[in-house]
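Numbering (the working numbering), first residue to last: 1 to 80.
Don't be surprised by glycine CBs; every beta carbon is placed ideally from N, CA and C.
These notes concern the structure reproduced below.
Here's what the structure looks like:
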């Protein structure tokens, strides 16, 4: 459960930081001045969708990859 909470918090923080950074640097105004019609909200949603998809993929394979890369055997019946 904690992995999911940290996953959501990290992804939302990344989107929030990107939103604040683009707003502070006036990215929307810069693009409009150059004749590019860009909706910043749609861009952030697009980034969030791809970010969440990539993060989910990484989250789901992380445990398996750690087991495979270290040749770990999971103890199912302790012998002590």
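| Asked | Found |
| --- | --- |
| Nearest to residue 18 (by Cα), restricted to the options 1, 72, 79, 51 | 51 |
| Local conformation of residue 21 per DSSP, three classes | helix |
| Short Cβ contact (9 Å threshold) for residue 10 with residue 55 | yes |
| Range of the contiguous alpha helix (DSSP H) that encloses residue 76 | No alpha helix (DSSP H) contains residue 76, which DSSP labels as neither H nor E. |
| Three-state class that DSSP yields for residue 37 in the structure shown | coil |
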